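These notes concern the structure reproduced below.
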Amino acid sequence: MSEKEDPHVKYETHLWVEKYGDYLYRFALMRLRDPQVAEDTVQETFLAALKNLHQFDGRVDVKYWLRGILRNKSVDYVRKSVRRKELQDEQVQEVVGQLLFKTSGIPTTRPKDWAFDPDAAFAQEEFWAAFQACLQALPEQTRLVFQLKMVDEESTEEICKEMDITDNYLWVTLHRARAQLKTCLESKWSAA
Amino acid sequence: MFFTCKQVSNQLSKEDYEKLSPLDKFTLKFHVWICPICGKYNQQVMKFQDMARNFRLKQEEYLESDSPESPHLDEKAKKRLQDILDQDKKAS
């Protein structure tokens, strides 16, 4: 194969670690939290990318192509990990979902006001460090659902299909994520 | 059609709003307007949406950061990854 046609040369695979290594590692850390798992997932991403390099058409930047593969690997990891560790938690969450409302459809609790002014907090860099810490403190699946749905704004249908969950379960998970984030932010930010 | 608070919060959370008929959209808006609980719930959902969108921008800055304080792959991990890339290139 001539150098011109070789996708390794065309897409500069020898520079991937230098150009995208830390970027992908941070992305994996945000999704998976554990540094070793994040590192292994970046490695799996490179291996998958090399395997499929001949199919890559270059229509998107290599960085975002690699990030897309890493995103899918992260979802796979969490889905398998949750199946192993959090099956009972899933059942509990379904129950929690039922308890938020009485059978008449009237809420059991009234949402509480924020203990701080969110709009004023948004303008401060330290708030986002607190937000990230609170996001990282959420249980694995809850964190990923929040990131995919709220941060990345992916479709409910796609997330449910990939994570093998029902839309009701996704709704309960998001409700729980918001409640836990609010409590965490109020303790970290209001106390600051 | 009458919505209960549970149905309203479901519609708001599941983003089914666009799928509703004009009459249902009106009924939902009216419920949120007159019901203090759903009104507050809606405000909080919207605030979280706002927060998540702002965070998305911060996340990009964090991922692109070249600050030494930002997490990065250690030299051993970089070498292992580089070896994989170099070997694959050699084999091609």
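Chains as they are written, first to last, in my numbering: chain A, 276 to 467; chain B, 1016 to 1107.
Each residue gets a CB set at the ideal place from its N, CA and C atoms; glycine is no exception.
Because the structure is a prediction, the values reported are computed rather than measured.
Using a cut-off of 7 Å between C-beta atoms, extract the partners of residue i located in chain B.
i, result
"Y300(A)", "P1086, H1087 and L1088"
"D314(A)", "First, the residue type needs correcting, since residue 314(A) is Glu and not Asp in the sequence shown. By Cβ distance, chain B contributes L1088 and A1092."
"D281(A)", "S1107"
Please list, in chain order, the chain B residues whose beta carbon lies closer than 8 Å to that of residue i.
i, result
"L304(A)", "P1086"
Is the CB-CB distance between residue i and residue j below 7 Å?
i, j, result
"V426(A)", "Q1097(B)", "no"
"K348(A)", "E319(A)", "yes"
"K463(A)", "A405(A)", "yes"
"E314(A)", "A1092(B)", "yes"
"F402(A)", "L345(A)", "no"
"T435(A)", "L445(A)", "Here the sequence assigns Cys to residue 435(A), which means Thr is not the residue at that position. Their beta carbons are under 7 Å apart, which means C435(A) touches L445(A) by this criterion."
"L1100(B)", "H289(A)", "yes"
"Y300(A)", "V317(A)", "yes"
"A437(A)", "V335(A)", "The question names Ala, but residue 437(A) is Glu in the sequence shown. No."
"V357(A)", "Q399(A)", "no"
"H283(A)", "K1021(B)", "no"
"L1109(B)", "N1069(B)", "This structure gives no information on residue 1109(B), because the portion of chain B shown stretches from 1016 to 1107."
"A452(A)", "L413(A)", "yes"
"E461(A)", "A390(A)", "yes"
"L1072(B)", "Y298(A)", "no"
Between the alpha carbons of residue i and residue j, how many angstroms are there, rounded?
i, j, result
"D392(A)", "K1062(B)", "11 Å"
"N1025(B)", "L1043(B)", "11 Å"
"I1039(B)", "L449(A)", "Here residue 1039(B) is Asp; the residue named in the question, Ile, does not match the sequence. For D1039(B) and L449(A), the distance between alpha carbons rounds to 24 Å."
"D281(A)", "E1090(B)", "28 Å"
"A324(A)", "P1037(B)", "47 Å"
"R385(A)", "Q407(A)", "27 Å"
"Y295(A)", "Q1074(B)", "16 Å"
"L419(A)", "I440(A)", "13 Å"
"A411(A)", "R308(A)", "Correcting the residue identity first, residue 411(A) is Gln in this sequence and not Ala. If I take the Cα positions, the gap works out to 7 Å."
"F1017(B)", "M1066(B)", "31 Å"
"S465(A)", "V1047(B)", "28 Å"
"K387(A)", "F397(A)", "19 Å"
"Q330(A)", "Y352(A)", "24 Å"
"K1094(B)", "E1076(B)", "26 Å"
"E428(A)", "I1049(B)", "29 Å"
"C1053(B)", "Q1064(B)", "16 Å"
"F971(B)", "K1034(B)", "Because chain B in this structure spans residues 1016 to 1107, residue 971(B) falls outside the shown range and cannot be described."
"L341(A)", "F321(A)", "8 Å"
"D442(A)", "C459(A)", "25 Å"
"K1055(B)", "L328(A)", "50 Å"
"S1107(B)", "K285(A)", "13 Å"
I want to verify the contact list: residues of chain A whose CB lies under 9 Å from the CB of residue i, in sequence order.
i, result
"K1055(B)", "R385, P386, K387 and D388"
At what residues does the alpha helix (DSSP H) containing residue i begin and finish?
i, result
"L304(A)", "W291 to L307"
"V1060(B)", "P1051 to E1079"
"K457(A)", "D442 to S465"
"M425(A)", "Careful: M425(A) lies outside any alpha helix (DSSP H) and carries neither H nor E."
"E415(A)", "E415 to F421"
"A408(A)", "E400 to A412"
"E429(A)", "E429(A) -> no alpha helix (DSSP H), and no H or E assigned at all."
"D1098(B)", "E1090 to A1106"
"F397(A)", "P393 to F397"
"H283(A)", "P282 to K285"
Using the beta-carbon of each residue, which ones in chain A are nearer than 8 Å to residue i?
i, result
"I1099(B)", "Q318, F321, L322 and L325"
"D1103(B)", "H283, T288 and L325"
Identify the contact partners of residue i in chain B, using a Cβ-Cβ distance below 9 Å as the criterion.
i, result
"W291(A)", "L1096, Q1097 and L1100"
"D332(A)", "What D332(A) touches in chain B: nothing, since even the nearest Cβ is about 18 Å away."
Which residues in chain A sit within 7 Å of residue i, going by Cβ to Cβ distance?
i, result
"K1073(B)", "W403"
"L1078(B)", "Y298, R301 and F302"
"F1063(B)", "M425 and R453"
**Request:** Mind listing, in chain order, the continuous beta strand (DSSP E) runs of no fewer than 3 residues lying wholly within the stretch 317-364 of chain A?
**Result:** Within the stretch 317-364 of chain A, there are no complete beta strand (DSSP E) runs of at least 3 residues.
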